[in-house]
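Visitor: Chains as they are written, first to last, in the working numbering: chain F, 6 to 270; chain W, 11 to 326; chain S, 15 to 240. Cβ coordinates follow ideal geometry from the N, Cα and C atoms, glycine included. Quantities reported herein were computed from a predicted structural model and do not represent experimental measurements. Pasting a structure below so you can have a look.
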């Protein structure tokens, strides 16, 4: 217990927030870096994965690919990925950029599966009757996607992004081993100095950051859900029952959907 | 969803699944407790002949750990290895909690770990001081002439351009960035000593988590940092045209290889094996061993260690 | 590839240890998460505690957890149980929501029917709820398996002798091949485990196999209805 008190004392010590401190201080700079890496990698991953996810959801093509791809990505060891990318990129790019570029690529690769799954599960979750209604009104496929499918799938899209953000925040910690900044440097310097307050303090900061960012996204999700259709709810429950037994095949979207149902309760 | 006629086989399957899980649960929950009692027994009855050799998380230490381990095994000891544990700040606690019994150490930095105020610098001074400062229950054996020091390193080009010869000359290039392991920022041979011994203070510290390895070298060569802490046995010092700055104020103490061990495992036979290694090992050997492991050959640390021992005639 | 040939023993040993370090948390995580998932379905507040707790545990970064655990558990620094405990925590965190959802999705009429024919809570769980939730639990277990195997390698930073050693050692020696072999071997373990889990599922739940064409249509239907 003393342990945790010491860690909090370290976190609350104003000296650790004075600008110009020796790395890993000041703490706020490391938090800023950590947020920046998270933002950049999730943004890039979204730019790649969302259009792809929406396309797959809309056309129904390539679902099987996404499911196996997502499964495979989970088994990819991030530490190995980071270090391999760092060596590959470091061979041509100067040191300072190499750490950043390699880490961002690794984090983007890590973030893509959740965002992709959120995108296509979102579009697939839209009631086909609604889509047909749009079609009957003479909407083009693009209009259907933009005006019906995307707005209605926002909650699931955001839940995919939430999963990606949580993963990126936790994993960016290890990137300090290829000399990236961020909160990982607090923890690795704690390990280097056998300073448990700092290791634990750094861990608490990472957790707090994850919870705050996730809370913010949850709020956003709730806002866009409220705007969406309310009847979705009983259908969700219906879906859960009907989907029973089949989730082994369609694991990811089912989970995403359930999370969605849960978040609305 | 499920038709009633399916129920028979389904229940049979369910029983099978349940049984399997119960068995699995049984095994899984039995294991950790068993291990726990075993571990407790281990603490109570440490066998004098069993030696757990540790190492720091960089190749040279792993090579040295392998040399110790292979030689001891050859001499009839029961040996276990736990390499790449991290920096000294991890390995000393690991020695204290009994995780490991023996470490290839560096006498100067080990002395500073135990006594940050110490002023001993030469090998003789450091060895004499270290013998008195190692806490009860632990001891060091003879130190080797082989040495691998932390060093303030710049590129040769930089050294020529600014006339950098000693660490104090770094004042000429202030402000600059310095790359090293995170602990360098707070230990005496690092930033604090740079300020108090040489008056160089305007330094941006860049933590690089690889013990003066390829990342640190790359950072220096790419001018991401202008100064780096790279160890004196690094093959890259020559390969990448780097320059070690002189240390006239003796900021950095001697760093001879020395075995640090738990006194519980001490025996004359063990000391004889390790002292023979220390006597045979030279700084050139260290550089050659590192070149084999880290250079193009990519020999495994254990292979390089084994072949060095054979070449030195230290194996029976 | 000549490096792999020369160092096959090392890679094999690390792979074996990696597999052992992974299998215990996967099994323990499952065994702990399923009852927790069952408890979660008893009431709304229990559910939010259990699921919320799971999500919270998942935000703990792995490296500091590996380092801190010896001080909490009283284990030695190099004790591999630290890594096993840490990975079990993540396995539970990942699995508990799936377990709760899987058990919640068991048709209420099946549960009621079994209660009406006099099954006790315990019998009902083992004979009705658990097997009916089986396919979803199995899917969750596959996710946990892949993630756990990937996470084990982080332990190499603190000296655990698993495939992560090839990552840290390869980086220290500027040796890409070694890292790639480590990634390949890690994938291989994940693949073998995944196949083993799927096969285990077929053996334990043969009824699921027989129903597969139907379940496919249910899935498609479900997607449509949503």
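Which residue's Cα is closest to the Cα of residue 80 of chain F: S:118, S:166, S:87 and S:43?
Guide: Minimum Cα distance to residue 80 of chain F is reached at S:166.
Visitor: Between residue 303 of chain W and chain S, is there a C-beta pair that is closer than 9 Å?
Guide: True, the Cβ-Cβ gap to chain S drops below 9 Å.
Visitor: Under the three-state reduction of DSSP, which class applies to residue 125 of chain F: helix, strand or coil?
Guide: If DSSP states are grouped into helix, strand and coil, residue 125 of chain F belongs with the helices.
Visitor: Quick one: which residues of the region 166–193 of chain W get their C-beta closer than 9 Å to a C-beta of chain F? List them in chain order.
Guide: Answer in chain order: 189, 191, 192 and 193.
Visitor: Output the distance between the C-alpha atoms of residue 258 of chain W and residue 208 of chain W, rounded to the nearest integer angstrom.
Guide: Distance between the alpha carbons of residue 258 of chain W and residue 208 of chain W is about 10 Å.
Visitor: Verify the CB distance criterion: does residue 85 of chain F have a CB-CB separation below 9 Å to chain W?
Guide: Cβ-Cβ to chain W under 9 Å: no for residue 85 of chain F.
Visitor: Answer yes or no: does any C-beta atom of chain F fall closer than 9 Å to that of residue 326 of chain W?
Guide: Judged by the 9 Å Cβ criterion, residue 326 of chain W is not in contact with chain F.
Visitor: Check each residue of the region 91–117 of chain F: if its Cβ is closer than 7 Å to any Cβ of chain W, include it; give the result in chain order.
Guide: Against chain W - using a Cβ distance shorter than 7 Å - the residues of the region 91–117 of chain F are 95, 99, 100 and 101.
Visitor: Looking at the structure shown, is residue 165 of chain W part of a helix, part of a strand, or coil, going by DSSP?
Guide: In the structure shown, residue 165 of chain W sits in a strand (DSSP, three-state: E or B).
Visitor: Three-state secondary structure (DSSP) at residue 144 of chain S?
Guide: Looking at residue 144 of chain S - three-state DSSP - the assignment turns out to be helix.
Visitor: Taking 9 Å as the CB-CB cut-off, is residue 66 of chain F touching chain S?
Guide: Residue 66 of chain F does not count as touching chain S.
Visitor: So the beta strand (DSSP E) residue 253 of chain W belongs to, where does it begin and stop?
Guide: Unbroken beta strand (DSSP E) run through residue 253 of chain W: 252–254.
Visitor: Quick check on residue 26 of chain S - is its C-beta less than 9 Å from some C-beta in chain W?
Guide: So no, residue 26 of chain S is outside the interface.
Visitor: Quick check on this structure: which residue in S:51, S:172, S:127 and S:139 has the alpha carbon closest to the alpha carbon of residue 79 of chain S?
Guide: The shortest Cα separation from residue 79 of chain S among S:51, S:172, S:127 and S:139 belongs to S:172.
Visitor: Check for me: the beta strand (DSSP E) holding residue 142 of chain F runs from which residue to which?
Guide: Premise fails: residue 142 of chain F is in no beta strand (DSSP E) and is neither H nor E.
Visitor: When the Cα of residue 221 of chain S is compared with those of S:202, S:174 and S:146, which residue comes out closest?
Guide: Taking only the C-alpha atoms, the option nearest residue 221 of chain S is S:146.
Visitor: For a contact defined as C-beta to C-beta under 8 Å, what are the partners of residue 92 of chain S on chain W?
Guide: In chain order: 64, 92, 95, 104, 109 and 110.
Visitor: Between residue 76 of chain F and chain S, is the shortest Cβ-Cβ distance under 9 Å, so that the two count as touching?
Guide: Yes, residue 76 of chain F lies at the interface with chain S (some Cβ there is under 9 Å from its Cβ).
Visitor: Tell me which residues share the same chain as residue 153 of chain F and place their Cβ nearer than 7 Å to its Cβ, disregarding the 5 neighbours each side in the sequence.
Guide: Counting only Cβ-Cβ distances below 7 Å, and skipping sequence neighbours, we find 131, 135, 136 and 139.
Visitor: Determine the chain S residues that contact residue 88 of chain F at a beta-carbon separation under 7 Å, and present them in chain order.
Guide: What residue 88 of chain F touches in chain S: 181, 184, 185 and 193.
Visitor: Three-state secondary structure (DSSP) at residue 100 of chain W?
Guide: Of the three classes helix, strand and coil, the one that applies to residue 100 of chain W here is helix, per DSSP.
Visitor: Kindly list, in the order they appear in chain F, the residues whose Cβ is closer than 7 Å to that of residue 212 of chain W.
Guide: Ordered by position in chain F, no residue passes the 7 Å Cβ test against residue 212 of chain W, which lies about 11 Å from the chain.
Visitor: Under 8 Å, with one C-beta from each stretch per pair, do the region 181–194 of chain S and the region 66–85 of chain W reach the 3-pair mark?
Guide: These segments touch.
Visitor: Identify whether residue 91 of chain S lies in helix, strand or coil by the three-state DSSP scheme.
Guide: In this structure, residue 91 of chain S counts as coil in the three-state DSSP scheme.
Visitor: Thinking C-alpha only, which one of F:221, F:17, F:188 and F:93 is nearest residue 191 of chain S?
Guide: The shortest C-alpha separation from residue 191 of chain S is found at F:93.
Visitor: Give the range of the alpha helix (DSSP H) segment to which residue 98 of chain F is assigned.
Guide: Segment: none, residue 98 of chain F is in no alpha helix (DSSP H) and carries neither H nor E.
Visitor: Starting from residue 222 of chain W, find everything on chain S with Cβ-Cβ shorter than 9 Å and list it in chain order.
Guide: The premise fails here: residue 222 of chain W is roughly 10 Å from chain S at the closest Cβ pair, so nothing lies under 9 Å.
Visitor: CB residue 128 of chain F to CB residue 39 of chain F, shorter than 9 Å?
Guide: Cβ atoms of residue 128 of chain F and residue 39 of chain F: not closer than 9 Å.
Visitor: Take the Cβ of residue 24 of chain F as the centre, count every other Cβ of all protein chains shown within 10 Å, and call the residue buried at 16 or more, exposed below.
Guide: Residue 24 of chain F is exposed by the Cβ-count criterion.
Visitor: Taking the alpha helix (DSSP H) that residue 245 of chain W falls in, what are its first and last residues?
Guide: Element bounds for residue 245 of chain W: n/a, residue is neither H nor E.
Visitor: I need the DSSP call for residue 60 of chain S, collapsed to helix, strand or coil.
Guide: Here residue 60 of chain S sits in helix by DSSP.
Visitor: What separation, rounded to the nearest whole angstrom, lies between the Cα atoms of residue 276 of chain W and residue 148 of chain W?
Guide: Residue 276 of chain W and residue 148 of chain W: Cα-Cα distance of roughly 9 Å.
Visitor: Below 8 Å CB to CB, which residues in the same chain sit around residue 16 of chain F once its five sequence neighbours on both sides are set aside?
Guide: Here the set comprises 32, 206, 209 and 210.
Visitor: Smallest Cα separation from residue 215 of chain S: which of S:204, S:153, S:140 and S:106?
Guide: Of the listed residues, the one whose Cα sits closest to residue 215 of chain S is S:153.
Visitor: Skipping 5 residues on each side, what residues in its chain have a beta carbon closer than 7 Å to that of residue 193 of chain W?
Guide: These residues qualify, in order along the chain: 97 and 99.
Visitor: For residue 168 of chain S, which residues in chain C fall below 9 Å Cβ to Cβ?
Guide: Among the protein chains in the structure shown, which are F, W and S, there is no chain C.
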